[in-house]
Amino acid sequence: MNKTVFNISKMDCAAEEQLIRMQLGKFSNIKSLDFDLPGRRLKVFHTQDYQVILSALDSLNLNTKFISTEVAAEEVYTDTSYSERKLLWQVLIINLFFFVAEIVAGFIANSMGLVADSLDMLADALVYGLALFAVGGTIARKNNIARLSGYFQLTLALFGFIEVVRRFLGFGEVPNYQTMVIVSLLALIGNAFSLYLLQKQKSKEAHMQASTIFTSNDVIVNLGVIVAGGLVYFTASKLPDLIVGIIIFLVVARGAFRILQLSRK
1417 MNKTVFNISK MDCAAEEQLI RMQLGKFSNI KSLDFDLPGR RLKVFHTQDY
1467 QVILSALDSL NLNTKFISTE VAAEEVYTDT SYSERKLLWQ VLIINLFFFV
1517 AEIVAGFIAN SMGLVADSLD MLADALVYGL ALFAVGGTIA RKNNIARLSG
1567 YFQLTLALFG FIEVVRRFLG FGEVPNYQTM VIVSLLALIG NAFSLYLLQK
1617 QKSKEAHMQA STIFTSNDVI VNLGVIVAGG LVYFTASKLP DLIVGIIIFL
1667 VVARGAFRIL QLSRK
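So in this note's numbering, spot 17 of the sequence shown is number 1433, and the numbers just go up one at a time.
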């Protein structure tokens, strides 16, 4: 058994992790993948020439660099423990709940920031669901799940862009800042609780680290919508809401393209 370490500078979220998992899933000689997303590093436990793995990683254009390789002792690895699966289900349910709550509140309050934030929550839920549903499945099934998720997410993002443009052109009313702030605050509490659960687990497993990073990003997005709500109140303008909305839609679209890229590998 060999352990090879790679530095992947553009690997910073669950989308890149899933992209790499899909790319390397075709190699039967790879026994385990150990991701360090904050450190941008990947440890591969394998029984083949690392150059083949490096070539596969290079094709993803994530700026992969070889660090080291050495002989490693045979170990038994498990993808996910029962407690981790249970925790991921909890986080998935929280994301789906706030997706529904925010998208309904967003349309009622005429807030694109809330609608965009709801789609960001849905994007996270898709990644969590993809990871859970695809465990133990074939590469073909994983690709099909990823492709459907990517197209669905991209369709929602495109709808959001069209609606933002329509409102920039003068259609639509100034959003209700109170609804924006209250609903985003509730979503912030939900994400903060999810982050607490994930950090409490203190897991070094790749998917758990990815989930922690995604949820941390959600907290920042929630704060952005709250700030936009405050600016709507002080300026009596819908521009702050539209600006934060389009920024979040860009994030959602980027995630969709990553997932579609993943499904082609």
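For every residue, glycine included, the Cβ atom is placed at its ideal position computed from N, Cα and C.
Host beta strand (DSSP E) of VAL1460 (start-end): Within the sequence shown, the letter at position 44 stands for residue 1460. Its beta strand (DSSP E) spans residues 1457 to 1462.
How many Å lie between TYR1649 and ARG1563 at the Cα? One-based indexing of the sequence shown puts residue 1649 at position 233. One-based indexing of the sequence shown puts residue 1563 at position 147. Taking the straight line joining both Cα atoms gives about 40 Å.
Could you name the residues that DSSP lists as bridge partners for PHE1577? Within the sequence shown, the letter at position 161 stands for residue 1577. PHE1577 is not bridged to any residue.
LEU1535 by DSSP, collapsed to three states: which one? Residue mapping note: residue 1535 aligns to position 119 of the sequence shown, counting from 1. Residue state, collapsed to three classes: helix.
Can the beta-carbon of SER1653 be found closer than 8 Å to that of VAL1590? One-based indexing of the sequence shown puts residue 1653 at position 237. One-based indexing of the sequence shown puts residue 1590 at position 174. Yes. Within cutoff.
Find out if the Cβ-Cβ distance for the pair LEU1538, PHE1513 is shorter than 8 Å. Indexing the sequence shown from 1 puts residue 1538 at position 122. Indexing the sequence shown from 1 puts residue 1513 at position 97. Their beta carbons are not under 8 Å apart, which means LEU1538 does not touch PHE1513 by this criterion.
Going by the DSSP bridge assignment, what does ASP1450 pair with across the sheet? Start at 1 with the first residue of the sequence shown, and residue 1450 comes out as number 34. In DSSP, ASP1450 forms a bridge with LYS1459.
Just confirm the distance between the C-beta atoms of LEU1503 and ARG1583, as a whole number of angstroms; I'd bet it's less than 8 Å. Stepping through the sequence shown from its first residue, residue 1503 is reached at position 87. Stepping through the sequence shown from its first residue, residue 1583 is reached at position 167. That belief does not hold up - the Cβ atoms of LEU1503 and ARG1583 are roughly 38 Å apart, past 8 Å.
Whole-angstrom distance between VAL1468 and ASP1540, CA atom to CA atom: To locate residue 1540, count along the sequence shown from 1; it is residue 124. To locate residue 1468, count along the sequence shown from 1; it is residue 52. Near 31 Å, if we compare the C-alpha coordinates of VAL1468 and ASP1540.
Same chain, Cβ closer than 7 Å to ALA1608, neighbours up to 5 away in sequence not counted: Along the sequence shown, read from residue 1 onward, the residue named residue 1608 stands at position 192. Around ALA1608: VAL1635.
Less than 8 Å between C-beta atoms, sequence neighbours within five positions excluded: which residues of the same chain meet that for PHE1443? As a position in the sequence shown, residue 1443 is number 27, starting the count at 1. Correct list, in chain order: HIS1462, GLN1464, VAL1468, ILE1469 and ALA1472.
Inspect the beta-carbon positions of ILE1436 and ARG1456 and report whether they are closer than 8 Å. For the purposes of this step, residue 1436 is taken as the residue at position 20 of the sequence shown. For the purposes of this step, residue 1456 is taken as the residue at position 40 of the sequence shown. Not closer than 8 Å, so no.
Cβ neighbours of LEU1647 in the same chain (closer than 6 Å, five flanking residues each side left out): Counted from its first residue, the sequence shown places residue 1647 at position 231. These residues qualify, in order along the chain: PRO1656.
Should ILE1664 go down as buried or exposed, given a rule of 16 or more other Cβ atoms within 10 Å for buried? Counted from its first residue, the sequence shown places residue 1664 at position 248. Classification of ILE1664: buried, given that the 10 Å Cβ count is 16 or more.
Go through its chain and collect everything with a Cβ distance to LYS1481's Cβ below 6 Å, but skip five positions before and after it. By one-based count along the sequence shown, residue 1481 stands at place 65. Closer than 6 Å at the Cβ level, and outside the excluded window around LYS1481, lie ASN1423.
Measure the alpha-carbon distance for GLU1433 versus LEU1476 and round it to whole angstroms. Position 17 of the sequence shown, counted from the start, is the residue given in the question as residue 1433. Position 60 of the sequence shown, counted from the start, is the residue given in the question as residue 1476. Computed Cα separation, rounded: 11 Å.
Can you pull the DSSP bridge partners for VAL1487? By one-based count along the sequence shown, residue 1487 stands at place 71. Note: VAL1487 sits in a beta bridge opposite ASN1418.
Give the DSSP-derived three-state secondary structure of LYS1481 in the structure shown. Along the sequence shown, one-based indexing puts residue 1481 at 65. It is a strand residue.
Using a threshold of 8 Å, state whether the C-beta atoms of VAL1599 and ALA1517 are closer than that. Within the sequence shown, residue 1599 is the residue found at index 183, counting from 1. Within the sequence shown, residue 1517 is the residue found at index 101, counting from 1. Their beta carbons are under 8 Å apart, which means VAL1599 touches ALA1517 by this criterion.
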